[in-house]
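Position 28 (the sequence shown) corresponds to 127 in this note's numbering; numbering is contiguous.
Ideal placement from N, C-alpha and C gives every residue a C-beta, glycine not left out.
These numbers come from a predicted model, not from an experiment.
Notes follow once the structure below has been shown.
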Amino acid sequence: MPKKGSAKNTKNKAKHSKLMSQKKKKKTTETLLRKERLKEIVAKANNQK
100 MPKKGSAKNT
110 KNKAKHSKLM
120 SQKKKKKTTE
130 TLLRKERLKE
140 IVAKANNQK
């Protein structure tokens, strides 16, 4: 017989997927910022030569 009440896993899955998407977005933005900073540093170094 099936259990009564709310489904067992739905709340945790939603929370987990939300957290993982936040983590993924943060990682991508950090990598983009890092690339931009490195480009600026390299350009500055090349201009000084």
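For Ser116, the enclosing alpha helix (DSSP H) stretches over residues Thr109 to Gln147.
The beta carbon of Lys112 sits closer than 6 angstroms to none of the beta carbons in its chain outside the five residues before and after it.
A direct Cα-Cα distance of roughly 37 angstroms separates Lys134 from Lys110.
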